[in-house]
Structure formats: C-alpha cells, structure tokens
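S.K.: Numbering (the numbering used here), first residue to last: 3 to 182.
Structural data, given as structure tokens:
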C-alpha cells in the first residue's frame with residue numbers, strides 16, 4: 003500500500019512539473035488582460051486558422067503569406083503571431099524580423115520585446131495593441147457565429163429541396179398507376 007501511495011505521489015508531482023513547464027513556455031506580455039486576450043486568440047484561431055491569418059493581414063496591412071511564413075518558421079502560437087504582426091506594424095519592421103527576435107529571446111516575453119522596439123507599457127501604442135487584441139477576439143467570435151448561421155441556412159434549404167423532390171416523386175408515382 004505504501005508503494006502505491008509513493009508511486010501515486012510521484013506521478014502527481016511529475017504531472018505538475020510537466021504542466022508547469024508547459025505554462026512556462028507560454029509567452030507572456032507582462033499585462034494580465036493582454037495575456038488573457040492572447041489566450042482567447044489561441045483558442046479561437048485554432049477553429050479557423052486561415053480566417054485568423056486573413057484577418058491579421060487585412061487589419062495590419064501585411065501580406066498573409068508573410069504572416070503565415072513567420073508563424074511556421076519560428077513556431078509561433080496564434081497569440082504570438084498576433085503579437086509579432088501587431089509589433090511589426092507599430093515598429094514598421096517585417097513580421098519575420100519581429101518573430102525571429104522573439105524566438106531568439108523567448109524567455110523575455112512580448113512585453114520586453116515591445117519595450118526593446120520602443121513601445122512602452124502604458125503607452126498609447128500599447129493600449130492600442132491591447133484594444134486590437136480584444137477586437138480581434140470579438141471579430142473571430144462574430145465570424146464563427148455568422149459561419150454557423152450560414153451553415154444552418156444551407157441545411158434548411160437542402161432539407162426543403164429534399165422535401166420538394168420527395169413530394170414531386172411521390173406525386174409522379176401515384177399518377178403512373180392511374181394511366182392506361
């Protein structure tokens with residue numbers, strides 16, 4: 003019994019250690035609200051990655067291919083991709099360059115990265131970046147709802163067409179038996 007308890011305790015500590023290291027790898031900005039929005043960006047963008055990249059491209063006037071390439075080349079999460087794109091626009095640097103700087107200094111986080119680019123916490127640029135992150139989440143939420151409504155509408159139309167076809171074939175079938 004004692005061995006089982008010891009093994010279970012070791013397992014729990016190991017699980018906590020693995021979980022803690024995974025959380026430590028998640029980039030932080032130094033701002034709780036922004037970190038929360040970045041987490042929500044990660045969640046929502048997983049549902050529609052291409053839509054997220056398109057949205058970033060349109061919002062920050064950076065080609066989608068450039069954003070996608072920076073994300074893939076530097077192994078960025080969607081939240082990190084948002085930050086790299088936002089900082090690229092604010093600093094007027096290529097998104098690949100910003101992503102590369104971040105990936106070389108992952109331990110520093112996005113707040114330090116922004117500071118090194120001249121964007122200070124609490125500055126109007128930083129507040130704009132936070133507001134844009136929040137708006138990005140809202141936009142993705144709205145787009146997901148619109149896509150769901152469109153799929154529901156398509157399903158209704160398809161059911162109605164199926165019903166009409168069934169009614170028509172049933173009517174034709176009854177008519178055949180009466181002809182002589």
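A virtual CB, placed ideally from N, CA and C, is assigned to each residue, including glycine. Since this is a predicted model, take the numbers as computed values, not measurements.
Looking at the structure shown, is residue 96 part of a helix, part of a strand, or coil, going by DSSP?
M.R.: Of the three classes helix, strand and coil, the one that applies to residue 96 here is coil, per DSSP.
S.K.: Alpha carbon to alpha carbon, how far is residue 149 from residue 36? Give it in angstroms, no decimals.
M.R.: Cα to Cα, residue 36 sits roughly 27 Å from residue 149.
S.K.: Beta-carbon separation of residue 111 and residue 31 under 9 Å?
M.R.: Result yes, Cβ atoms of residue 111 and residue 31 sit closer than 9 Å.
S.K.: Consider the C-beta atom of residue 103 and the heavy atoms of the ligand NAD; say whether any pair is separated by less than 8 Å.
M.R.: Questions concerning the ligand NAD fall outside what the structure shown contains, since it holds no ligand whatsoever.
S.K.: Less than 6 Å between C-beta atoms, sequence neighbours within five positions excluded: which residues of the same chain meet that for residue 81?
M.R.: Excluding positions up to five away in sequence, the list reads 40, 43 and 44.
S.K.: By alpha-carbon positions, which one of 104, 116 and 74 ends up nearest to residue 92?
M.R.: Selected option, being the one with the closest Cα: 116.
S.K.: For residue 82, name the three-state secondary structure that DSSP assigns.
M.R.: Looking at residue 82 - three-state DSSP - the assignment turns out to be helix.
S.K.: Determine the direct distance from the alpha carbon of residue 97 to that of residue 74, and round the result to whole angstroms.
M.R.: Cα to Cα, residue 74 sits roughly 12 Å from residue 97.
S.K.: Please determine, among 113, 140, 95 and 56, the residue with the shortest C-alpha to C-alpha distance to residue 33.
M.R.: Nearest of 113, 140, 95 and 56 to residue 33, Cα basis: 113.
S.K.: Could you give the C-beta distance for residue 57 and residue 129, rounded to a whole number, given that I count them as a contact under 8 Å?
M.R.: Rounded, the Cβ-Cβ distance is 20 Å, inconsistent with contact.
S.K.: Taking the C-alpha atoms as reference points, what is the distance between residue 171 and residue 158?
M.R.: Their Cα atoms are separated by approximately 20 Å.
S.K.: In angstroms with no decimal places, state the Cα-to-Cα distance between residue 139 and residue 54.
M.R.: Rounded to the nearest angstrom, the two C-alpha atoms are 10 Å apart.
S.K.: Can you give the Cα-Cα distance for residue 161 and residue 77, rounded to whole angstroms?
M.R.: Roughly 43 Å between the two C-alpha positions.
S.K.: Quick check on residue 134: buried or exposed, where buried means 16 or more other Cβ atoms within 10 Å of its Cβ?
M.R.: Answer is buried; the Cβ neighbour count reaches 16.
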